[in-house]
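In our numbering, the protein residues as written are 839 to 1817.
The beta carbon of each residue, even a glycine, is placed where N, CA and C say it ideally should be.
Inspection log for the structure reproduced underneath, given as C-alpha cells.
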C-alpha cells in the first residue's frame, strides 16, 4: 500500500481556551497579543516565500508540459508521415499485395507451429503441476513447490490466452471457425485426451487449486511467521511481487492504448495482448482485512457482554502488529512498506468497529465510557509499537471525545432529571391528595416527606456512576445537574405551598368558618414535613455525629471533581443552603400566617374598636390568640412533637412577628379610634402583658433568648403608643422622630393611619410629621417590623433585633414591671373558647434538645451616594401617593419651633427638586458623563436638521423606517417592529 494513504501531519496549534484557563490569565493578554502578532508576521513571511517558490515551480512545470506536448505532436506528425510513406510505397511496388500476403502466411505459419508445439506438451505439463499441488497439500505450512507451480501455471495460462487471442483475431468468419476448432478438434499424441476446450477447462481447475493454496497462505501469514515457516512467506511474496509487476505492465499498456488509440492500431508492439489483470496484490490486502475483521467479530461479542473486557479482547491486535514489525518486514519487499500497510488496515478496522459501537442507538453509558477509556490506551500502545500518532488517520473515534463526554454526562444527568421528575410527580400527587399515611416519621417523631431519603440515595447512586468514568469533567457536569435539580425541587415546593395557601385563604374569605375549609389540617402537616426536610438536608449535629444530607453529598463529590470545581461550586452550594433555609422559614411563616387567615380572621378585627374598650373584652381577643398559640406549641399532641428542634424557635418568632404586624396594622380596622378620655394605654398594656406571659415559656424548655428577642421586637408597641398619647403639636413630631430613629423603614402611610385614629387629628398634625420626616437622617439597615405592615399575610418575616432602639425608646416607661410577668399574675377569663383543632395525631416526642438558630437575615440593598440618598429619602417622606408630586403642604398653626423647622426645610426641598430637573435635562439631552454606561442610545440620525436631503420631507423621521427596501421590516430607533 503506497504512502498516499497517509496524509501529511496536521499542524499543531494552541487555542486561547488552552492559554486562558483561569481569571488570572487575563493579565497575559498584552503579551499574548504581541506574541501572536509576531508569529503572524513570521507566518505571513513564510507563506509569501513558499507561495513564490510554488508559483515558480508551477510555471516551470507548465512550461515543461507545454514542451512535452509539442514533442508528442511532432512525433505524431512523423508517425503519420511514415504511415503515409508506407501506403505510397505499397502503391509504387507492383507486386506488394503478393509480398504482403506471403509475409502474413509466413507469420501465421510460425505462430501455428509454435502453438502446436505448446499444445502438444500442454497436457503433460498440466499433469505435472497437479502432482506438485497434491504434494503441497500434504505440507500446507511449507508448500515447497509454490514457485514451480506458479511458473508452470503462468506459462500454461499464457498459452491458453495466446490461443484464444489468435482465435479471436483469425479471419475465418471473425473467429467462429477457430472457436469451432477448439471446441471439437480432438487432440492426438501421448497423454492427450479430449478437445482443447476440455484441456483449458482443466487448467482453470488447477489455477483455482493454486489460488486456494495462495489464499490460505495469505490468511494465515502471521501464523506462518510465528511458526517459523519463513520460506513459504518468502515464496508467497515472490509470487505476489511477480504478479504485481506483470499487472503493472498490462495496466500501462491498457492506459497507453486508451490514450493513443490511433497510433496503437498501427504498431503491433503496443497491442495489449492476451493477458488480463489478475490482482494478486489486491487479494493479499483483502485477506489481511478479512482476517482482522474476523477477529473483530469476537471483540464485538465480548464487548457487548462485558465492556470491561475490551482491552483484553484486543490483545491479538497489537500482537499481530508486533509480529509484522519483528518478523514479516524483513521477508517482504521493502517497497511494499508492509508494516505501514498492516497498521493502516488494522487502524481503519479499529476505527470502524468503535464508530459503529458509538452509533448504536442502544449503547449504554458503561459501553460509552469503556470506549472513552480505551482511546488513550490505544494510542499509547500504538506509540510503543513505533507508530506515530499523527500517522494514524482518521482519528480512532473521529475526535469525538468531547462530544462523547457530553453524551455520557447527558445520559447521567438525564437519568437524574428523570428520577427527580418522577419523584416530583409523586410528591405533587401526594400533596394534592394529602391522604392518611402520605407522610413519614423518623425515630424522633418528626414528619418528613416519603421521597426525601430516596432522593439522596438516587443522587449517591448516580454520583457513583459518574465516578466510574474516572473523568473529573464528567463528575463536574453531573454535580452541576444535581444542584440544579435540587434547586428546582425547592421552587416546586414553594409553588405548591403558596398555591395551596392562596386557595385556603380564598376559601376562608368565603366560608368564614375554618372548620369547613377542606384539607386545612393536612396542609399544616405538610408544611411541617416540608420545613423539616429542608432543615434535615443541612442540619449537622457534631454532638451526636449526625451529618446532614448536603454535607455528606459534598464530601462524596469533592474528591471526584476537578481541583478548581469546589471553588466554582461554592456559590451554588451556598445558594442551595440558603434556599433550604428560606424554604423552611417560608413554610413556618405560612404555618403561622395560616392561623391568622383562618382562626383569628375575626379576632384581630376587634382591636382598637369600641368592642376592644368594652368591660367584657378586657384583653379577651389577645388571650384567645395566645391560648391558641399555647395549644399549638405546648398542648396535647402539639406541633413541637413533630417539628424539627431547629425550627421551634423560628416558629415562635414567626408567631410573634405576625401577631405584632397584625396588632400594629389594626389601626386600619373599621371603627378604630383612640380618644383622650379612653383608657387605650391600659388596654395596650394588658395586650402586651398577655403576649409576654405566653412567649416567656411558649413550649417546654424554651430558651430564654426567644423571649428576649420577642420582647425587643414588641418595643415597637411603645413607639406606637407614643404616637397615640403624644401631645398635639411638637409632641407628635418628637414622637415620630423617635419612631423614625428606631425604625428607619417605618411607612408614612401607617403613621398617617395612626394619627387619623386620634380624636384630635387634623391636617396640620400630618403636615408637621411629613415636614419632620424630610429632616430626619437615619441609617438604612435590615428590615424592621415597621416595614412589614403593608401586607402582613404574605410577607416572610425575618429575625431582627435593633441594637440602637434602646437609646431612643424607654420600654420600661410603658411597661415598668414587664420582667416580673408570669402566667400566675395574669387574670384569664374562664369563658375563653379555644380554637385549636385536632390537626396532629399523637406522635412520639423528640429526644433531641432544641438548639438556638444562628440564621440571620440577608443584607439590605446598598445605599445610594450620600447626596442622592438624602434627596431620595426626603422626597420619599414628602410623597403622599404613588403618582403624587413632592410638595410641602401649608402647615396648620402649630408651635413656633415646628413651624420654623418646616419653613427651613422648604428651600432645601426646592433646591433638591431643581437639581433633579437639571439632571433630567442632561440625561434627556444625551451628552455629558451623566448617562449610565449601559443606557440604550438608539440608532444615530441619518442627517442633521429638519429636512430630509433624500426625500425632501420636512419634520419626518431622522432614520429611514424601511431601510431594507419596500418588502423589508419597519424599524424605529434601530429596532424592528412586527405588525
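I need the boundaries of the alpha helix (DSSP H) containing residue i, first residue and last residue.
{"i": "residue 1279", "result": "Taken as a continuous stretch (DSSP letters only), residue 1279 belongs to no alpha helix (DSSP H), being part of the beta strand (DSSP E) at 1277-1279."}
{"i": "residue 1078", "result": "1068-1097"}
{"i": "residue 1204", "result": "1203-1222"}
{"i": "residue 1050", "result": "1034-1057"}
{"i": "residue 1269", "result": "1239-1271"}
{"i": "residue 1233", "result": "Unbroken run through residue 1233: none, as it is neither H nor E."}
{"i": "residue 1143", "result": "1118-1143"}
{"i": "residue 1613", "result": "1601-1613"}
{"i": "residue 1482", "result": "Looking at the DSSP string, residue 1482 is not in any alpha helix (DSSP H), and its letter there is neither H nor E."}
{"i": "residue 1183", "result": "1176-1196"}
{"i": "residue 1430", "result": "1403-1436"}
{"i": "residue 1293", "result": "1290-1305"}
{"i": "residue 1578", "result": "1568-1580"}
{"i": "residue 1554", "result": "1554-1563"}
Name the DSSP beta bridge partners of residue i, please?
{"i": "residue 1512", "result": "1596"}
{"i": "residue 1335", "result": "None, per the DSSP bridge assignment."}
{"i": "residue 1384", "result": "1379"}
{"i": "residue 1785", "result": "1792"}
Which value, in whole angstroms, describes the spacing of the CA atoms of residue i and residue j?
{"i": "residue 893", "j": "residue 902", "result": "14 Å"}
{"i": "residue 1212", "j": "residue 889", "result": "42 Å"}
{"i": "residue 1794", "j": "residue 1788", "result": "12 Å"}
{"i": "residue 1485", "j": "residue 1512", "result": "38 Å"}
{"i": "residue 1371", "j": "residue 1577", "result": "40 Å"}
{"i": "residue 911", "j": "residue 918", "result": "11 Å"}
{"i": "residue 1204", "j": "residue 1145", "result": "7 Å"}
{"i": "residue 1128", "j": "residue 944", "result": "52 Å"}
{"i": "residue 1617", "j": "residue 1413", "result": "28 Å"}
{"i": "residue 1328", "j": "residue 1437", "result": "28 Å"}
{"i": "residue 858", "j": "residue 864", "result": "7 Å"}
{"i": "residue 960", "j": "residue 1232", "result": "51 Å"}
{"i": "residue 1418", "j": "residue 1554", "result": "30 Å"}
{"i": "residue 879", "j": "residue 1243", "result": "38 Å"}
{"i": "residue 1200", "j": "residue 1134", "result": "19 Å"}
{"i": "residue 1575", "j": "residue 1584", "result": "11 Å"}
{"i": "residue 1735", "j": "residue 1579", "result": "With a pLDDT of 40 at residue 1735, under the threshold of 50, the predicted position of this residue should be treated as unreliable, and no value is reported."}
{"i": "residue 1433", "j": "residue 1317", "result": "40 Å"}
{"i": "residue 1442", "j": "residue 1594", "result": "19 Å"}
{"i": "residue 1582", "j": "residue 1451", "result": "31 Å"}
{"i": "residue 1711", "j": "residue 1502", "result": "23 Å"}
{"i": "residue 1137", "j": "residue 1196", "result": "15 Å"}
{"i": "residue 1500", "j": "residue 1624", "result": "11 Å"}
{"i": "residue 1448", "j": "residue 1507", "result": "11 Å"}
Taking the beta strand (DSSP E) that residue i belongs to, which residues open and close that run?
{"i": "residue 1287", "result": "1285-1287"}
Measuring CA to CA, which of the options is closest to residue i?
{"i": "residue 1335", "options": "1711, 1514, 1364 and 908", "result": "1364"}
{"i": "residue 1400", "options": "1609, 1001, 1308 and 1532", "result": "1308"}
{"i": "residue 1265", "options": "1117, 1331 and 1061", "result": "1331"}
{"i": "residue 1280", "options": "989, 1481 and 1702", "result": "1481"}
{"i": "residue 1779", "options": "1786, 1792, 1785 and 1796", "result": "1796"}
{"i": "residue 1539", "options": "1053, 1478, 968 and 1526", "result": "1478"}
{"i": "residue 1287", "options": "1302, 1299, 1333 and 1369", "result": "1369"}
{"i": "residue 1241", "options": "1193, 1216, 1277 and 1283", "result": "1193"}
{"i": "residue 1261", "options": "1323, 1313 and 1319", "result": "1323"}
Is any non-hydrogen atom of the ligand NAD found closer than 8 Å to the C-beta of residue i, if you look at the structure I gave you?
{"i": "residue 1119", "result": "Ligands displayed in this structure: none; no statement on the ligand NAD is therefore possible."}
*Touch test, the stretch 1242-1250 against the stretch 1221-1233, Cβ-Cβ under 8 Å, three pairs minimum*: no
*Does the stretch 1186-1196 come within contact of the stretch 1157-1165, defined as at least 3 CB pairs closer than 8 Å?*
no
*Report yes or no: do three or more beta-carbon pairs, one from the stretch 1040-1049 and one from the stretch 1146-1153, lie closer than 8 Å?*
The stretch 1040-1049 is not in contact with the stretch 1146-1153.
*asked:* Count Cβ pairs between the stretch 1251-1269 and the stretch 1208-1222 that sit closer than 8 Å; are there 3 or more?
replied: no
*Does the pairing of the stretch 1605-1612 with the stretch 1563-1580 give three or more beta-carbon distances under 8 Å?*
The stretch 1605-1612, when compared against the stretch 1563-1580, does touch it at the 8 Å Cβ threshold.
*Is it true that the stretch 1484-1503 meets the stretch 1533-1552, where meeting means three or more beta-carbon pairs spaced less than 8 Å apart?*
yes
*Per the contact definition of three or more C-beta pairs closer than 8 Å, is the stretch 1375-1383 in contact with the stretch 1456-1473?*
no
*Could you tell me whether the stretch 1080-1097 touches the stretch 1118-1128, using the rule of 3 or more Cβ pairs below 8 Å?*
yes
*Stretch pair the stretch 1333-1348 + the stretch 1393-1409: three plus CB contacts closer than 8 Å*: no
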